[in-house]
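To keep things clear, I will list the structure first and then write my remarks on it.
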Amino acid sequence: LDAETAAATFEGFAKLGAALGASFAAIGAGMGIGKIGAAAMEAIARQPEASGDIRSSMIVSAALIEGVAFFAVITCVLVLFV
Amino acid sequence: LDAETAAATFEGFAKLGAALGASFAAIGAGMGIGKIGAAAMEAIARQPEASGDIRSSMIVSAALIEGVAFFAVITCVLVLFV
Amino acid sequence: LDAETAAATFEGFAKLGAALGASFAAIGAGMGIGKIGAAAMEAIARQPEASGDIRSSMIVSAALIEGVAFFAVITCVLVLFV
Chain U
1 LDAETAAATF EGFAKLGAAL GASFAAIGAG MGIGKIGAAA MEAIARQPEA
51 SGDIRSSMIV SAALIEGVAF FAVITCVLVL FV
Chain F
1 LDAETAAATF EGFAKLGAAL GASFAAIGAG MGIGKIGAAA MEAIARQPEA
51 SGDIRSSMIV SAALIEGVAF FAVITCVLVL FV
Chain L
1 LDAETAAATF EGFAKLGAAL GASFAAIGAG MGIGKIGAAA MEAIARQPEA
51 SGDIRSSMIV SAALIEGVAF FAVITCVLVL FV
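Residue numbers (my numbering), protein chains in the order written: chain U, 1 to 82; chain F, 1 to 82; chain L, 1 to 82.
The following block contains the structure:
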């Protein structure tokens, strides 16, 4: 195993990690935003007149998850190009 | 193991990761949007007159998940071509 | 295995770890903020007149998770450049 061989192997592991990492971030976002969205649906069904409040709180909390998940996917893209 | 062999091996790991990553992203989207969609059905059944509010909230939260999942799949495609 | 080879190999594992680490941070944020957001939706549905209090508490607790998750992702980015 020389240096050139190792560099070629390392490319493979980095790309494997980038692809799996991006998808795990998507699983995280799906679990989190899915839970929030489902609760928001039930909440609107119970209190239709509070749907504005419920929707704005839903968007705030979902956007926080979205922010971390997007940044994680961007990190994975960065792995490919650094 | 020389450099050429290692390069061929790394191609294999990168493609393995891209394929698994794309499918895990689909699992994440399926879990998240599935939960939101199911809750929206129940919510419309309980409060049919709030179906407009429920549908718009459903679309907003599902679109947030869709965004991350799509970007993850695009990252996996990118792995194949970089 | 000489020093140069080992350095090239370690690059691969470091990048694998950075990508997976960023996505695990996103899973953590998704699970945590998802639970908080879901509970906030139910709380607003039960007491619509307390929606302001509920939302501000939701934002404070979600921001605490966000802070740690973001710092973890930044650590993973840092792994790529150090």
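We treat Cβ as the ideally placed atom computed from N, Cα and C, and that holds for glycine. Since the model is a prediction, treat every value here as computed from it, not as a measurement.
- Interface annotation, V60/L: not in contact with chain U, CB-CB separation never under 9 Å.
- Spanning the alpha carbons of G28/L and G28/U requires a straight line of approximately 7 Å.
- DSSP places V82/U outside both helix and strand once states are collapsed to three, so it counts as coil.
- Burial check for D53/L: the Cβ neighbour count within 10 Å stays below 16, so the residue is exposed.
- Chain F places a beta carbon closer than 9 Å to that of D2/U, counting this residue as a contact.
- Using a Cβ-Cβ distance cut-off of 8 Å, the stretch 11–22 of chain F and the stretch 5–24 of chain U are in contact, since at least three pairs of beta carbons, one from each stretch, lie closer than that value.
- In terms of CA proximity to A25/F, A72/F leads the group A72/F, V77/F, V79/F, T9/F.
- With respect to G32/U, G32/L sits close: the two C-beta atoms are nearer than 9 Å.
- In the structure shown, the three-state DSSP call for D53/L is helix.
- Think of a sphere of 8 Å around the beta carbon of V73/L: the chain U residues whose beta carbon falls inside it are V68, F71, A72, T75, in chain order.
- Under the 10 Å beta carbon count, E49/L is surrounded by fewer than 16 other beta carbons and is classified as exposed.
- About 5 Å separates the beta carbons of A62/F and I36/F, which is inside the 8 Å limit, making them a contact pair.
- For V77/U, the number of other beta carbons within 10 angstroms of its own is at least 16, and it is reported as buried.
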